[in-house]
Amino acid sequence: MLRVPHVTNYLSEHFADDAFGTLAGYERYGGYKAARQAITGMAPSEVVALVKESGLQGRGGAGFLAGLKWSFMPAETDKPKYLVCNADESEPGSFKDRILLERAPHLLLEGILIGAWATGASKTFLYIRGEYAFPAAQLERAIAEAYDKGYLGKRVMRSGFSHDVVLHRGAGAYICGEETGLLESLEGKKGQPRKKPPFPAQYGAFGMPSTVNNVETFCHVPHIVAKGSDWFRAFGTEKSPGTTIFGVSGHAVRLGLYELPLGTPLEEIVYRHAGGVPEGRRVKGVIPGGVSMPILPADQLDVPMANEFLRERKTMLGTGGIMVMDDTTCMVRAACVITYFFRDESCGQCTQCREGTGWLNKIVNRIERGAGVPEDLDVLIDVAGKMEGQTICAFADAAAWPVQGLLRHFRADFEQHVHERKCPFPESFQL
Amino acid sequence: MISSATRARIDAEIAKYPVKRGALLPALHHVHAELGYVSHESAAAIADIFDLRPVEVMEVVSFYNMFFDTPQPRHHVRVCTNLPCSLRGARTLLAQIESHLGIEAGQASSDGRIGLGHEECLGACAYAPMMRVNDRYHEDLDVEKAKRILDSLE
Numbered sequence: 147m148l149r150v151p152h153v154t155n156y157l158s159e160h161f162a163d164d165a166f167g168t169l170a171g172y173e174r175y176g177g178y179k180a181a182r183q184a185i186t187g188m189a190p191s192e193v194v195a196l197v198k199e200s201g202l203q204g205r206g207g208a209g210f211l212a213g214l215k216w217s218f219m220p221a222e223t224d225k226p227k228y229l230v231c232n233a234d235e236s237e238p239g240s241f242k243d244r245i246l247l248e249r250a251p252h253l254l255l256e257g258i259l260i261g262a263w264a265t266g267a268s269k270t271f272l273y274i275r276g277e278y279a280f281p282a283a284q285l286e287r288a289i290a291e292a293y294d295k296g297y298l299g300k301r302v303m304r305s306g307f308s309h310d311v312v313l314h315r316g317a318g319a320y321i322c323g324e325e326t327g328l329l330e331s332l333e334g335k336k337g338q339p340r341k342k343p344p345f346p347a348q349y350g351a352f353g354m355p356s357t358v359n360n361v362e363t364f365c366h367v368p369h370i371v372a373k374g375s376d377w378f379r380a381f382g383t384e385k386s387p388g389t390t391i392f393g394v395s396g397h398a399v400r401l402g403l404y405e406l407p408l409g410t411p412l413e414e415i416v417y418r419h420a421g422g423v424p425e426g427r428r429v430k431g432v433i434p435g436g437v438s439m440p441i442l443p444a445d446q447l448d449v450p451m452a453n454e455f456l457r458e459r460k461t462m463l464g465t466g467g468i469m470v471m472d473d474t475t476c477m478v479r480a481a482c483v484i485t486y487f488f489r490d491e492s493c494g495q496c497t498q499c500r501e502g503t504g505w506l507n508k509i510v511n512r513i514e515r516g517a518g519v520p521e522d523l524d525v526l527i528d529v530a531g532k533m534e535g536q537t538i539c540a541f542a543d544a545a546a547w548p549v550q551g552l553l554r555h556f557r558a559d560f561e562q563h564v565h566e567r568k569c570p571f572p573e574s575f576q577l
Numbered sequence: 003m004i005s006s007a008t009r010a011r012i013d014a015e016i017a018k019y020p021v022k023r024g025a026l027l028p029a030l031h032h033v034h035a036e037l038g039y040v041s042h043e044s045a046a047a048i049a050d051i052f053d054l055r056p057v058e059v060m061e062v063v064s065f066y067n068m069f070f071d072t073p074q075p076r077h078h079v080r081v082c083t084n085l086p087c088s089l090r091g092a093r094t095l096l097a098q099i100e101s102h103l104g105i106e107a108g109q110a111s112s113d114g115r116i117g118l119g120h121e122e123c124l125g126a127c128a129y130a131p132m133m134r135v136n137d138r139y140h141e142d143l144d145v146e147k148a149k150r151i152l153d154s155l156e
């Protein structure tokens, strides 16, 4: 079980109490009141409007407005509608959904229930990555408790509304975190993303209207219903309201999770909360939101952690997985690890991605070995540029961006390898 | 072959989905729980249940890291080597485990006890380096701790 966040807020304030993970414990803290309020006292359209007003952005990486996404679900349709919870957390550097699954399964189920009421979904498929065996066991137990109590199944809370939750385990493939790759995988196929349009709201799971939301996104919903959109908007920035659970990994002193308002300056998280890097070292660069998001150099950590500010620095919030690298770090080695990952995980559908991820990896490996030539740097930029925006899904972009970021801010590291014909960072982490 | 108990579990999974094939991944998990891999015979049996051709089943098996088409060692040991773990010495730990077991990543011990490999991010980034032994995570590892865990595996 993951340790309680160093800084907690409304999502994580009761995580230190193990009972919060049980139905009885969750209800002692007021759990399921918001779902009851929504199902028995609000029209579905009112719930959608409330979540829209709150400005809640999806917490899975893309930051799309959750209420707007819900409003895309067709109101008048003969087809069954489905909700899909994306618990396929696999973005390197991200582990915030894991703690929500482990310590707050009922908060997630309550958010799902409210989302299902709002969108008219009869069933939720909760897709969890195959490696998350312990979180899956926690969820399985919580789902059984919710059924026993009449919070799931037929006539939820004695209303006319029925809802089922199906826990579905993945089997190890990063691409299944992409929403249409996930849908394909859910249907028992290879997790290869679909062309869009049609979008899931028209043609989703099993061809039915569907909405896919991330674990954390659902977890904010009961709080918004219970306390209102103005309360929610008091956290974070105007465009990016609410808190999020940041994960800090790498070379920082106090690693772990921190629930903080969106818009918290990156330097405040890295230095004040996470204690910076060990004495005698300096921060060299920080990846702000999982390996897909371009790195920022040490002199740009004043940026507030919200997409409207991060975009100005050519990066994004992603999943809020913050990776801190100290001044021993060889950025070419970082590129080797990152590009290997994307080469390994490309689903192989699109040429630009299937071939491009391999080329990027080969070239950075060559540079690290001291066998690079000066033109390699331009080839990297060229290949990355040709992968971006050319493929069925955003995986190729996610593979191109970190290479572009490393070259934007640490080109000197790459050039030094080429000139000296060896890695000039002997103290760096091992490959 | 698929035992009647596994068959019953698969039927229970099928009932949860609007389309039968939705239960294919759950079914393959059940086959792995019983046999450790998907044999030709079990692929044929699964294909039969799901109205698929065996090749369509194997196509799915080969796509996912947690599915196998050959008999597997008793324990899967997977060291995470993605960036957050690598920054904290995961590759050094993997090399030390390799020399302790006398095998390289990608190989299995000759007694069929341990299959060693490296894996992509497992969501334990603040507690690196770490490894997965079958369904269990072992976090905040050093070489001594890792050796003790490995030596205790039956």
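Quick mapping for you: the protein sequence lines, in order, are chains L and D.
For the first sequence, the working numbering assigns the number 577 to the last residue and increments by one with no breaks.
For the second sequence, the working numbering assigns the number 156 to the last residue and increments by one with no breaks.
Glycine included, each C-beta is placed from N, C-alpha and C at the ideal position.
Please read these numbers as outputs of a predicted model, since none were measured by experiment.
So the beta strand (DSSP E) residue i belongs to, where does it begin and stop?
i     : result
D/C82 : 77 to 82
Give the straight-line distance between the Cα atoms of residue i and residue j, rounded to the nearest whole angstrom.
i      : j      : result
L/F556 : L/V429 : 13 Å
L/N507 : L/R459 : 25 Å
D/H102 : L/G467 : 33 Å
L/P440 : L/K227 : 37 Å
L/I484 : L/N360 : 23 Å
L/F488 : L/A545 : 6 Å
L/W505 : D/H140 : 34 Å
D/N67  : D/A29  : 16 Å
L/L351 : L/R315 : In the sequence under discussion, the amino acid at residue 351 of chain L is Ala, which differs from the Leu named in the question. Each residue's alpha carbon lies about 15 Å from the other.
L/L328 : L/E566 : 45 Å
L/R205 : L/P346 : 18 Å
D/T72  : D/E106 : 19 Å
L/R512 : L/T537 : 26 Å
D/V21  : L/A292 : 25 Å
L/P368 : L/K198 : 14 Å
L/D224 : D/K18  : 20 Å
L/S191 : L/L214 : 12 Å
L/P387 : L/G201 : 6 Å
Quick check on residue i - is its C-beta less than 8 Å from some C-beta in chain D?
i      : result
L/V437 : yes
L/E514 : no
L/L552 : no
L/Q576 : yes
L/S356 : no
L/E173 : no
L/D376 : no
L/P346 : no
L/S236 : yes
L/D224 : no
L/A540 : no
L/E277 : yes
L/S492 : no
Between residue i and the ligand SAM, is there a pair consisting of the residue's CB and a ligand heavy atom that are separated by less than 7 Å?
i      : result
L/A530 : Only the bare structure without any ligand can be found here, which leaves the ligand SAM out of the picture.
Would you please verify whether the beta carbon of residue i is less than 8 Å from any beta carbon of chain L?
i      : result
D/K18  : yes
D/V145 : no
D/T94  : yes
D/P86  : yes
D/L118 : no
D/L37  : no
D/A28  : First, the residue type needs correcting, since residue 28 of chain D is Pro and not Ala in the sequence shown. It does: the Cβ of D/P28 has a partner Cβ on chain L nearer than 8 Å.
D/E61  : yes
In this structure, how does DSSP classify residue i when only helix, strand and coil are distinguished?
i      : result
L/G187 : helix
L/S268 : coil
L/F392 : strand
L/T154 : coil
D/L89  : helix
L/D164 : helix
L/K198 : helix
D/A132 : Sequence check: residue 132 of chain D is Met here, not Ala. Of the three classes helix, strand and coil, the one that applies to D/M132 here is coil, per DSSP.
D/Y39  : coil
L/T357 : strand
L/Q284 : helix
L/K329 : In the sequence on display, residue 329 of chain L carries Leu and not Lys. Helix.
L/E256 : helix
D/R138 : strand
Can you tell me where the alpha helix (DSSP H) holding residue i begins and where it ends?
i      : result
L/T363 : 361 to 373
L/Y172 : 169 to 174
L/V416 : Segment: none, L/V416 is in no alpha helix (DSSP H) and carries neither H nor E.
Can you list the residues of chain C that residue i reaches, using a CB-CB cut of under 8 Å?
i      : result
L/M471 : In the displayed structure, chain C is absent; the protein chains listed are L and D.
Whole alpha helix (DSSP H) elements within the segment 501 to 552 of chain L, 4-residue minimum:
Secondary structure within the segment 501 to 552 of chain L: the alpha helix (DSSP H) runs of 4 or more consecutive residues, fully enclosed, are 521 to 533 (chain order).
Could you give the uninterrupted runs of the beta strand (DSSP E) lying entirely in the segment 445 to 471 of chain L, keeping only those of 3 residues or more?
As far as the segment 445 to 471 of chain L is concerned, it has no whole beta strand (DSSP E) run of at least 3 residues.
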